[in-house]
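Step one of this worksheet: look at the structure below.
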Amino acid sequence: QARFHDLARQLEGVTGELVDVTRNQPLDAAQLKAPMDKVEAACKACHSEFRNH
Numbered sequence: 137q138a139r140f141h142d143l144a145r146q147l148e149g150v151t152g153e154l155v156d157v158t159r160n161q162p163l164d165a166a167q168l169k170a171p172m173d174k175v176e177a178a179c180k181a182c183h184s185e186f187r188n189h
């Protein structure tokens, strides 16, 4: 359970970074890439440990 909570907090952190970048208008795809990659990696890390498939 502790590992799950650690991964959830990591996801919250990187999602916050993505939200910060989206405050810059107009949106710039190049600026979104790194934060999106972090969100995807955080999702994948949790899913690889806690999903059955």
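With our numbering, the residue at position 33 of the sequence shown is 169, and numbering never jumps. Even glycine gets a Cβ: it sits at the ideal position worked out from N, Cα and C. These numbers were taken from a predicted model, which means no experiment stands behind them.
Beta-carbon spacing of residue i, residue j below 8 Å
{"i": "residue 192", "j": "residue 169", "result": "The chain is shown from 137 up to 189; residue 192 falls before or after that span and cannot be answered."}
For residue i, the nearest candidate out of the options (CA to CA)
{"i": "residue 172", "options": "158, 185, 139, 182", "result": "158"}
{"i": "residue 145", "options": "188, 179, 187", "result": "179"}
{"i": "residue 151", "options": "177, 160, 139, 186", "result": "177"}
Whole-angstrom distance between residue j and residue i, CA atom to CA atom
{"i": "residue 167", "j": "residue 182", "result": "25 Å"}
{"i": "residue 155", "j": "residue 141", "result": "21 Å"}
{"i": "residue 149", "j": "residue 184", "result": "19 Å"}
Helix, strand or coil at residue i [DSSP, three-state]
{"i": "residue 147", "result": "helix"}
{"i": "residue 168", "result": "helix"}
{"i": "residue 163", "result": "coil"}
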